[in-house]
Amino acid sequence: MIQERVVRSEYHVLVLGPGASWRRINQSLAPHRPCSQGISIDGVLYYGAWTGESTFVVVSFNMKSEKFNLIKLPLQAGINLMNYRGKLAVFDYSHLVSEQRMDLWVLEDESQWSDKNTFYLPISHINLVIPGELSVQGTNREGTVRVFSKTDYWLLHAIYDLDRCKMTEGVILPELRERLPFETESLHTTYWDDFESIMYLET
């Protein structure tokens, strides 16, 4: 007899100060599993989550009111999150190689998405060291994305400004893998954007 698996979620916040401790948040929210990195914008934390049966949503957490909200994704939208002009956006780059395009939706309010914005990247101008599938590895709040090849993680190919339609090429790290003191098949990197602090300092 196979027992049915029960999914349960609990949420806690860290209360800062002397004797810092965790406090549980009592809010009824559908169980979910985070599946993306979080983005903090104006005191609200956003992250992508999986709710089961191939259903993905964006979860928001207001740090002031300590309230969660589940936001449905637009049709055909990916679960990739970015800060675009100070607002949350989701983007899809599955057509980056075939059509050289990236689609983007901006969250206008708590649950309403903008119409699809399509950006065409001059990918054909990139001189690929090893031809393969291209992907977007990083973004920043100014609307800049970083494009790289999945077949060669230690070589960065291009940085593209969505608003200015400007491509910066030649950002390459040659032979970095050979210089590492350990064996690795891939490298994980962070982007240049700064992070929003949720800590309040008393003077």
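Quick note: the sequence shown, position 178, residue 178 per the UniProt record's numbering, numbers continuous. Idealized CB from N, CA, C, for every residue including glycine. Quick caveat: nothing in here was measured; it's all calculated off a predicted structure.
Taking its Cβ as the centre, do 16 or more other Cβ atoms sit within 10 Å of residue i, making it buried, or is it exposed?
{"i": "S9", "result": "exposed"}
{"i": "V145", "result": "buried"}
{"i": "H12", "result": "exposed"}
{"i": "residue 204", "result": "Limits of the chain in this structure are 1 at one end and 203 at the other, which puts residue 204 out of reach."}
{"i": "A158", "result": "buried"}
{"i": "L162", "result": "buried"}
{"i": "L16", "result": "exposed"}
Going by Cα to Cα distance, which pick from the options is closest to residue i?
{"i": "S111", "options": "V59, Y160 and R33", "result": "V59"}
{"i": "R101", "options": "D92, E108 and L107", "result": "D92"}
{"i": "H32", "options": "F148, S135, A77 and W50", "result": "W50"}
{"i": "Y46", "options": "T168, S98, S21 and L73", "result": "L73"}
{"i": "S114", "options": "S98, Q137, Y84 and T139", "result": "Y84"}
{"i": "R164", "options": "S135, L121 and G138", "result": "L121"}
{"i": "A77", "options": "V57, E99 and V147", "result": "V57"}
Given a cut-off of 8 Å on the beta-carbon distance, is the pair residue i and residue j in contact?
{"i": "I39", "j": "L88", "result": "yes"}
{"i": "R117", "j": "L96", "result": "In the sequence as presented, Arg is not what sits at residue 117; that position holds Asn. For N117 and L96, no; Cβs fall outside 8 Å."}
{"i": "C35", "j": "I79", "result": "yes"}
{"i": "N62", "j": "V44", "result": "yes"}
{"i": "R141", "j": "G86", "result": "yes"}
{"i": "A20", "j": "L14", "result": "yes"}
{"i": "T139", "j": "M82", "result": "yes"}
{"i": "Q137", "j": "F148", "result": "yes"}
If you follow the beta strand (DSSP E) that residue i is part of, which residue opens it and which one closes it?
{"i": "G41", "result": "Inspection of the sequence shows that residue 41 is occupied by Ile rather than by Gly. Per DSSP, I41 belongs to the beta strand (DSSP E) from I39 to I41."}
{"i": "S36", "result": "Taken as a continuous stretch (DSSP letters only), S36 belongs to no beta strand (DSSP E), as it is neither H nor E."}
**Residue ranges of each beta strand (DSSP E) within the stretch 68-131, 3 or longer** = 80-84, 87-92, 101-106 and 117-120
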